[in-house]
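Before any comments, here is the structure.
In my numbering, the protein residues as written are 1 to 173.
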């Protein structure tokens, strides 16, 4: 009888998150304002998720030979992820709307059959007040789950809560 296939929500590419190079979008010499996006992924009980995968992509700055615009990181034993990228600028939205600078995020973790999409905006960005997606979230405490906060110079903290009272806003994409 053939052996059973391991249950994986990320498919056969889990080895890519074990390569730390994928967590550094500046590894090819990208120029611009380098930032670190870090945070902890928490499950519904508030416990850290040591086996999650965080993928990010961004449309600004545009992808190039030196900036792939996509990266991924695993979480460590304490549920923490760390990605190095360039700080994005505003991007065009529908019509003439400007979207505030943000990073798109895809979360994969145990118990998820489908990944979860969210965004990390940056605290104190002027365009946050008019960003169409942020402003569509009426409850300020829910809106705040999409805002990364500075934790050190050049470092932004963005914790992800998969469920519970502090659940991050996830997008239906």
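Glycine is no exception: its CB is placed at the ideal position from the N, C-alpha and C atoms.
Just so you know, these numbers come straight off a predicted model, no measurement behind them.
Residue i - DSSP class collapsed to helix/strand/coil
| i | result |
| --- | --- |
| residue 167 | coil |
| residue 30 | coil |
| residue 8 | Legend: pLDDT at residue 8 = 49, less than 50; position of this residue unreliable, no value from coordinates given. |
| residue 172 | coil |
| residue 68 | coil |
| residue 110 | coil |
| residue 51 | coil |
| residue 25 | coil |
| residue 1 | The pLDDT assigned to residue 1 is 49, lower than 50, so where the model puts this residue is not dependable; a value taken from the coordinates is nonetheless given after this. Residue 1 falls in the coil class under three-state DSSP. |
Inter-residue CB distance, residue i and residue j (contact presumed, cutoff 8 angstroms)
| i | j | result |
| --- | --- | --- |
| residue 57 | residue 39 | Not confirmed; about 17 angstroms, so no contact. |
| residue 36 | residue 154 | 6 angstroms |
| residue 50 | residue 79 | 6 angstroms |
| residue 144 | residue 158 | Wrong, their Cβ atoms sit about 11 angstroms apart, outside the cutoff. |
Closest Cα partner of residue i within the set the options
| i | options | result |
| --- | --- | --- |
| residue 108 | 101, 168, 98, 117 | 117 |
| residue 89 | 71, 54, 125, 49 | 125 |
| residue 73 | 146, 25, 143 | 25 |
| residue 83 | 21, 45, 102 | 21 |
Cutoff 8 angstroms; reference residue i; Cβ partners in own chain excluding five residues on either side
| i | result |
| --- | --- |
| residue 99 | 90, 91, 92, 93, 127, 131, 132, 133 |
Nonlocal neighbours in the same chain, by C-beta distance under 6 angstroms from residue i, ignoring five residues either side
| i | result |
| --- | --- |
| residue 167 | 161 |
| residue 110 | 51 |
Contacting residues, own chain, Cβ-Cβ under 7 angstroms from residue i (five flanking each side not counted)
| i | result |
| --- | --- |
| residue 18 | 74 |
Near the ligand NAD: residue i beta-carbon under 7 angstroms from a heavy atom
| i | result |
| --- | --- |
| residue 54 | Only the bare structure without any ligand can be found here, which leaves the ligand NAD out of the picture. |
Residue-chain proximity (residue i, chain C), Cβ-Cβ < 8 angstroms
| i | result |
| --- | --- |
| residue 104 | No chain C appears in the structure shown, which is made up of a single protein chain. |
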